[in-house]
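Numbering (the working numbering), first residue to last: 998 to 1168. To start, the structure itself, in structure tokens.
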Amino acid sequence: MPDVENHDELRQVTEILQRHSLEPGNLIPILQEVQEELQYLPREGMRLVGRSLGIPEVDVYSVATFYNQFRLNPPGRNQIKVCLGTACHMMGGYIILDCFERRLNVHEGETTPDREFSLERVACVGCCTLAPVTVVNEKTEGKVTPTRVDGILAGLGFKKDQAAGKVEAEV
Ligand code: FES
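What follows is the structure, given as structure tokens:
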């Protein structure tokens, strides 16, 4: 049974569908609009779009996962991005990503159950000399170390017991 939030999201998806002609060729523009409005593509929303356009759910999901522009989990109130471009990868960006994953108890691409934090990997953000780099709520920070990960999270009000529990439902 969808909760109130999902119900609200589905209403928004329905409104978006009403603004388009329901042809399979409109799948991407519709998904783009859903993403723009909801900041992600909820699973039920993708089902509804598929049903409305006569496209199997698996095909809608394939399109949504093929394009980087689409996110399948809701963004957190705090958005943490870890650069894994070549320079950052060479300088241990994957270690920084791993630190965030362990502290937050989510994998990259996921959001904590309380929707406070989302974690994602991004390609080069253009300041390779500062590798490894993170972008937290649009603020770029370089030369990040595992110890600094704790500092960043503390600065965002993260408490260890927040990490308990399951991650948001994956699509
Ligand atoms: S590779 Fe990370 S900023 Fe360029």
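We put the CB at the ideal spot given by N, CA and C, even for glycine.
Nonlocal neighbours in the same chain, by C-beta distance under 7 Å from E1117, ignoring five residues either side: For E1117, where only same-chain residues beyond five positions count, the Cβ hits under 7 Å are K1078, E1105, G1106.
Beta-carbon proximity check, N1070 vs E1041, cutoff 8 Å: no
Within the stretch 1081-1121, ranges of the beta strand (DSSP E) (whole runs, at least 3 residues): 1114-1119
Residue of S1115, P1129, E1012, L1101 minimising C-alpha distance to Y1091: P1129
Proximity of G1089 and A1120 at Cβ, strictly below 8 Å: no
Distance between V1046 and L1014 (C-alpha atoms, nearest Å): 7 Å
Beta-carbon separation (whole angstroms), S1018 vs G1073, contact threshold 8 Å: That belief does not hold up - the Cβ atoms of S1018 and G1073 are roughly 35 Å apart, past 8 Å.
beta-carbon C1079 near the ligand FES non-hydrogen atom, thresh 7 Å: In the sequence as presented, Cys is not what sits at residue 1079; that position holds Val. The answer is no for V1079.
Extent of the continuous alpha helix (DSSP H) to which T1137 belongs: No alpha helix (DSSP H) contains T1137, which is instead part of the beta strand (DSSP E) from 1136-1138.
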